[in-house]
Every structure is written in structure tokens, then in C-alpha cells.
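Structure record follows, encoded as C-alpha cells.
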Amino acid sequence: MITKRIIPCLDVKNGRVVKGTNFEGLRDMADPVEMARYYNTAGADELVFYDITASAEGRGLFTDILRQVAAEIFIPLTVGGGINTLDDFDRVLKCGADKVSVNSGAIADPGIIGAAAKKYGDQCVVLSMDVKRVDGQFRVFAKGGREDTGLDAMEWAVKGVADGAGEIVLNSIDTDGVKQGFDLEMLDALAARVSVPIIASGGAGNMEHFAELFTHPGIDAGLAASIFHTRQVDIKDLKRFLRSKGVEMRV
Amino acid sequence: MIAIIDYGVGNLFSLSSSLNYLGLENKITRDPAQLEAADRIILPGVGAFGDAMTKLVETGLVPVVKQQAEKKPLLGICLGMQLLFDRSFEYGEHPGLGLIPGEVCPLEPDLRDKTLKVPHIGWNALHILRDDPIFKYVSEGECVYYVHSYYAKGCTESTLATSEYELDVTGMVRRGKVYGAQFHPEKSGDTGLRLLKAFGELE
Chain S
184 MITKRIIPCL DVKNGRVVKG TNFEGLRDMA DPVEMARYYN TAGADELVFY
234 DITASAEGRG LFTDILRQVA AEIFIPLTVG GGINTLDDFD RVLKCGADKV
284 SVNSGAIADP GIIGAAAKKY GDQCVVLSMD VKRVDGQFRV FAKGGREDTG
334 LDAMEWAVKG VADGAGEIVL NSIDTDGVKQ GFDLEMLDAL AARVSVPIIA
384 SGGAGNMEHF AELFTHPGID AGLAASIFHT RQVDIKDLKR FLRSKGVEMR
434 V
Chain P
265 MIAIIDYGVG NLFSLSSSLN YLGLENKITR DPAQLEAADR IILPGVGAFG
315 DAMTKLVETG LVPVVKQQAE KKPLLGICLG MQLLFDRSFE YGEHPGLGLI
365 PGEVCPLEPD LRDKTLKVPH IGWNALHILR DDPIFKYVSE GECVYYVHSY
415 YAKGCTESTL ATSEYELDVT GMVRRGKVYG AQFHPEKSGD TGLRLLKAFG
465 ELE
């Protein structure tokens with residue numbers, strides 16, 4: 184059977200990997216190409232690169248990094264951040280991305296999901312959403328979690344999948360960076376509504392959190408950043424641990 | 265030299281990079297003379313069957329591919345593997361290259377467990393049914409990376425390996441010098457690289 188996936192996420196700014204807590208107070212961590220090499224040998228099932236640079240200069244640096252990574256790392260690469268148009272899809276796919284993750288770009292122009300799915304296939308389009316509880320509702324936030332869009336997250340996901348999104352990354356702002364475990368309530372709510380693979384993000388603090396996550400059958404992958412970057416959790420150890428708990432893993 | 269057929273579908277960067285990484289000389293090309301000069305050929309592909317077949321026909325390479333397939337190892341990857349069969353039922357019915365008997369059918373209606381997701385996407389263990397030089401460096405049960413919604417059926421005789429997704433998904437096929445991989449060796453980490461290495465050594 185298909186294995187559950189463990190996915191390290193690299194947030195890249197001005198050519199360096201950074202990771203914040205609750206999206207603020209970013210700390211410089213390391214060189215993205217070095218880290219990609221490390222994760223490739225450490226057993227990562229996929230890598231996600233988020234470009235959190237705003238400038239054109241930073242964007243150029245990011246595509247250079249992506250090209251370098253894609254030339255020597257042969258596992259699936261997903262790229263997100265600053266994806267607003269089909270040209271942006273084209274730009275990162277040409278640099279070696281396999282999947283493109285769209286977030287604020289889809290909020291600004293919901294038509295981009297359908298257009299990209301038609302051009303590159305559903306499997307290429309990942310809908311990424313930053314979600315926070317507001318007045319008892321799961322609400323989609325834009326601009327790196329700073330702006331409440333007023334959109335209902337579950338409705339937004341259902342529409343995204345109908346338009347052609349092949350996977351969803353659900354990042355809970357409520358649990359992000361807090362390291363107290365994934366937002367299982369939010370993830371279950373999503374799994375009940377969509378049938379595409381769901382990648383859980385936000386809140387992983389230790390190996391037990393992944394074991395708990397994968398007792399929920401609707402969840403396909405766990406994504407995390409700092410606990411892997413700091414090597415607080417070693418991916419090979421994590422996979423062995425999960426396997427011992429009966430979770431299907433590629434080891 | 266390995267000729268990677270460029271017919272305007274899919275991103276060939278990773279495939280070419282993986283061959284470069286292995287030190288296997290390769291050219292992305294749609295020039296018939298290059299296909300004839302190559303000592304092996306890869307037919308890649310992502311997207312929809314009908315569209316891809318139309319584009320391949322438009323390059324004028326179909327007769328060359330069929331002719332060269334008898335002379336040298338050819339590997340179809342993902343949609344490129346599906347094109348090797350007689351026909352596909354993806355959005356209608358489309359003829360394939362007919363190099364391997366069988367047809368390509370949607371996965372979804374054949375799955376009884378409706379909680380199983382389509383596309384079949386992710387890492388799945390490869391079960392080797394028949395030993396072959398292509399598996400020289402790959403062992404039973406190693407995981408490879410799949411992304412697809414259609415799969416090959418009626419090809420038991422040519423099936424070398426399968427992966428289990430409630431049913432046995434055709435993973436790797438061979439007929440004569442023609443090979444096909446439903447998964448992506450260029451995205452299957454070290455396992456995939458070892459498979460490509462063996463392809464580069466086939467007689």
C-alpha cells in the first residue's frame with residue numbers, strides 16, 4: 184500500500200532557509216541546497232520550498248537555488264510562495280518543481296487553480312491554505328497569515344478541489360510553531376469534505392505527534408520545518424518509530 | 265547516448281538531470297537521426313493520453329520509434345509507458361503505439377474501497393514478479409514514486425512488477441527491448457537512480 188509521507192518544508196528568504204513561530208520573528212537557519220542534500224539522504228519523501236521573498240532579486244536567487252536542488256535531488260519537489268499567475272507556474276516548473284503550491288494567489292484570482300490544472304494536470308496543483316479559528320469558524324487567512332479573508336476554509340477547499348487542485352496543504356495558524364501537535368480537529372473537518380490527499384502542517388513538536396496524526400486515516404502526509412531543521416527529530420528515527428506503530432513508511 | 269524524446273509534454277529537466285548525475289550521456293531531442301544514433305531511448309510524458317499521442321504523431325517520430333524499439337532498449341515512463349500499449353480509455357478511446365499488448369483504463373471504477381484516493385499518488389512498494397536485468401540493482405519491496413489515475417490492464421504476460429493499491433497496479437512491463445515504468449524513476453530517490461543505471465547497462 185501507499186506509504187504515509189514525511190515532508191520537510193524549507194522557507195527560503197534571500198537565499199537562506201528561515202522558520203518563524205506563528206509566522207513572525209524569522210530566524211536564519213541554513214543554506215537550502217545543503218539542507219536539501221541532507222534531507223535527501225535522511226529519508227524525506229518529498230521536499231517543499233516556500234519562497235517568502237518579496238523582491239525580484241530574491242526571486243531570482245530562489246529559482247537559482249531550485250535549479251541546483253533539482254539537478255541533484257531526485258525526490259518530488261513542491262514549490263510555493265509568490266505564485267500568482269500561470270507564468271509563475273511555468274517559471275518554477277522549468278526550474279525542476281514537480282508540484283506548485285498556490286495560496287494567496289488563488290485568493291486573489293480563484294481562476295488560477297482551474298487554469299493551471301488544465302495546463303499542467305491536477306497532480307501538479309497543490310492548494311495551500313493558512314487557516315485560523317475565528318468566531319467558531321475555520322477561516323482562510325492570506326498574506327502569510329496576516330489577513331483574514333472572511334472565506335470559510337472548508338468551502339474554499341471543496342471549491343479548490345472541484346476546480347482541479349490535486350492535493351491540499353492545511354496549515355493551522357492556531358497550532359503553527361507551538362509544537363503541541365497537529366490540529367487534528369481542523370484536519371478531520373477537512374478530510375470529511377475532500378477526497379484528495381491532505382498534507383498536515385503546523386504544530387509538530389515530537390515523534391508522538393506524527394504517530395497521533397497518522398491514526399487519522401484521511402491524512403496522507405505530515406509536514407514540518409523547525410523540528411527537522413534543528414534535528415530535534417531525525418527523519419530516519421521518526422520513520423522507524425512510525426513503522427513500529429504500524430504506519431506504512433518508506434524506509 | 266540516451267535519446268530523451270521531446271514531443272512537448274512534461275518537464276524533462278529532472279529526467280535529464282538524473283541521467284547526468286549517473287554519468288549517462290543524454291540528449292533531449294525530436295530529431296529522427298538522433299533516435300537512430302542513440303544506443304537507447306526514453307519516452308517520457310505527463311498529462312492526458314489523447315493529447316500526448318496527438319503531439320507524438322505530430323512530431324512524425326512514431327514510425328522511427330516503432331522501428332528503433334526493435335533494435336535498442338526503450339523505456340517509457342508514466343504516460344510514456346501508457347503510450348506503449350494498444351489503446352487507452354482516458355477521455356474517450358485513443359490508439360497507442362501498440363508495442364506492448366494491453367490497454368490503459370481508469371483506476372477509480374476498479375477500486376472497491378472508495379476511501380482510496382485517485383490519483384494514486386505517493387510512494388508504493390514495488391513487487392517484482394519476474395527477474396530481469398532492469399532490476400539488477402533493485403530489490404523486492406523497495407518503494408517508488410507514482411502519480412497517475414489510469415493503469416495498464418490485460419498485460420499479464422509482459423508485467424515484470426506491480427504495486428498494491430487494493431488491486432495490483434501494473435508497475436513495470438517489458439516486451440522484447442521495450443520497457444515501461446508507470447512510476448517515475450527520476451523521482452524515486454536512490455531506488456529510481458539504480459533502476460536508470462541498470463537501464464543504461466542493458467544490452
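Those protein sequence lines, which keep their order, are chains S and P. Following the working numbering from start to finish, the first sequence increments by one per residue and tops out at 434. Following the working numbering from start to finish, the second sequence increments by one per residue and tops out at 467. Glycine is no exception: its CB is placed at the ideal position from the N, C-alpha and C atoms. Model, not experiment: these values are computed from the prediction.
- Remark: C-beta atoms of residue 286 of chain P and residue 464 of chain P approach each other more closely than 8 Å.
- Residues of chain S with a Cβ closer than 7 Å to the Cβ of residue 381 of chain P are, in chain order, 378, 379, 380.
- For the C-beta of residue 453 of chain P, the chain S residues within less than 8 Å are, from N- to C-terminus, 223, 257, 258.
- When DSSP states are grouped into helix, strand and coil, residue 332 of chain P belongs to the helix group.
- In the DSSP assignment, residue 406 of chain P falls outside any beta strand (DSSP E), carrying neither H nor E.
- Remark: C-beta atoms of residue 416 of chain P and residue 366 of chain P approach each other more closely than 8 Å.
- Per DSSP, the continuous beta strand (DSSP E) segment holding residue 389 of chain P begins and ends at 384–389.
- DSSP places residue 296 of chain S within a helical segment (H, G or I) once states are collapsed to three.
- Taking C-beta atoms under 8 Å as the contact rule, residue 381 of chain P and residue 380 of chain S qualify, at a distance of about 6 Å.
- Chain-ordered, the chain S residues with CB closer than 8 Å to the CB of residue 384 of chain P read 185.
- In this structure, residue 257 of chain S places its C-beta atom within 8 Å of the C-beta atom of residue 278 of chain P.
- Listed along chain S are 186, 433, each with a C-beta nearer than 7 Å to that of residue 407 of chain P.
- Here the stretch 366–379 of chain S makes contact with the stretch 328–348 of chain S; the two share three or more CB pairs at distances below 8 Å.
- Using a Cβ distance threshold of 8 Å, residue 313 of chain S and residue 328 of chain S count as a contacting pair.
- For the stretch 282–314 of chain P, the residues whose beta carbon sits under 7 Å from a beta carbon of chain S are, in order, 282, 285, 310, 311.
- Inclusion of residue 410 of chain P and residue 391 of chain P in the CB contact set at 8 Å is not warranted, their separation being larger than that value.
- Residue 299 of chain P places its beta carbon 8 Å or farther from that of residue 460 of chain P.
- In terms of Cα proximity to residue 222 of chain S, the closest of S:301, S:420, S:246, S:340 is S:420.
- From the listed residues P:325, P:377, P:437, the smallest Cα separation to residue 396 of chain P is found for P:437.
- The beta strand (DSSP E) runs lying completely inside the stretch 292–338 of chain S and spanning 3 residues or more are 308–317, 320–325, 330–335, given in chain order.
- The CB of residue 429 of chain P comes closer than 9 Å to the CB of 184, 185 in chain S, given here in chain order.
- Around the Cβ of residue 415 of chain S, a 10 Å sphere holds fewer than 16 other Cβ atoms; the residue is exposed.
- Approximately 6 Å separates the beta-carbon atoms of residue 340 of chain S and residue 351 of chain S; this is inside 8 Å, confirming the contact.
- Residue 288 of chain P is not a Cβ neighbour of residue 338 of chain P, given a cutoff of 8 Å.
- Fewer than three Cβ pairs drawn from the stretch 313–327 of chain P and the stretch 424–432 of chain P lie within less than 8 Å of each other, which leaves the two stretches out of contact.
- As computed with DSSP, residue 304 of chain P is found in a beta bridge with P:266.
- Restricted to the stretch 355–398 of chain S, the alpha helix (DSSP H) segments that are unbroken, complete and at least 4 residues in length are 367–374, 390–396, listed in chain order.
- Residue pairing of residue 286 of chain S in beta bridges, as defined by DSSP: absent, with no partner found.
- Collapsing the DSSP output to three states places residue 405 of chain S in a strand.
- For residue 219 of chain S, the secondary structure class from DSSP, reduced to helix, strand or coil, is helix.
- Annotation: residue 348 of chain S is outside any alpha helix (DSSP H) and is labelled neither H nor E by DSSP.
- DSSP lists P:425, P:445 as the beta-bridge partner residues of residue 436 of chain P.
- The alpha-carbon of residue 301 of chain P is positioned some 36 Å away from that of residue 356 of chain P.
- Residue nearest to residue 418 of chain P within the set P:293, P:349, P:340 is P:349 (criterion: CA-CA distance).
- If you draw a straight line from the Cα of residue 290 of chain P to the Cα of residue 371 of chain P, it comes to about 33 Å.
- Within its own chain, the residues whose Cβ lies closer than 6 Å to the Cβ of residue 368 of chain P, once the five positions on either side in sequence are excluded, are 346, 349, 352, 414, 416, listed in chain order.
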